[in-house]
Amino acid sequence: MSGGRAAIVPVETGIGSGGIVEVVSGLEPGDTVIVQGQFLVADGDPVRIASPER
Numbered sequence: 012m013s014g015g016r017a018a019i020v021p022v023e024t025g026i027g028s029g030g031i032v033e034v035v036s037g038l039e040p041g042d043t044v045i046v047q048g049q050f051l052v053a054d055g056d057p058v059r060i061a062s063p064e065r
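For any residue, its number in the working numbering is found by taking its place in the sequence shown, counting from 1, and adding 11.
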C-alpha cells in the first residue's frame, strides 16, 4: 500500500513451506502488505485497513 492505494511491488522470494514464504528483498520494515483478498485488488485501487494485525 502507498498513500491509501494498492501498489504492486516486485519482491524476491526465498524459502517457502506450509503456505509461508520468505521475502528476501523488495519490502522495507513497516511496509503494509495485502495478504487477504489481494487477487481482487488492482494496482492503484483505493484501499483501507479494516483491522490491523501483527
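Just so you know, even glycine gets a beta-carbon here, dropped at the ideal spot from N, CA and C.
Test item: CB-CB of residue i and residue j under 7 angstroms
i	j	result
Ile58	Ala18	In the sequence as displayed, the identity of residue 58 is Val instead of Ile. Cβ distance not < 7 angstroms, so Val58 and Ala18 don't count as in contact.
Gly37	Pro21	yes
Val35	Glu23	yes
Other residues of its chain near residue i: CB distance less than 8 angstroms, five sequence neighbours each side excluded
i	result
Gly30	none
Asp56	Arg16, Ala17
One or two residues paired with residue i in a DSSP bridge
i	result
Ile31	Ser28
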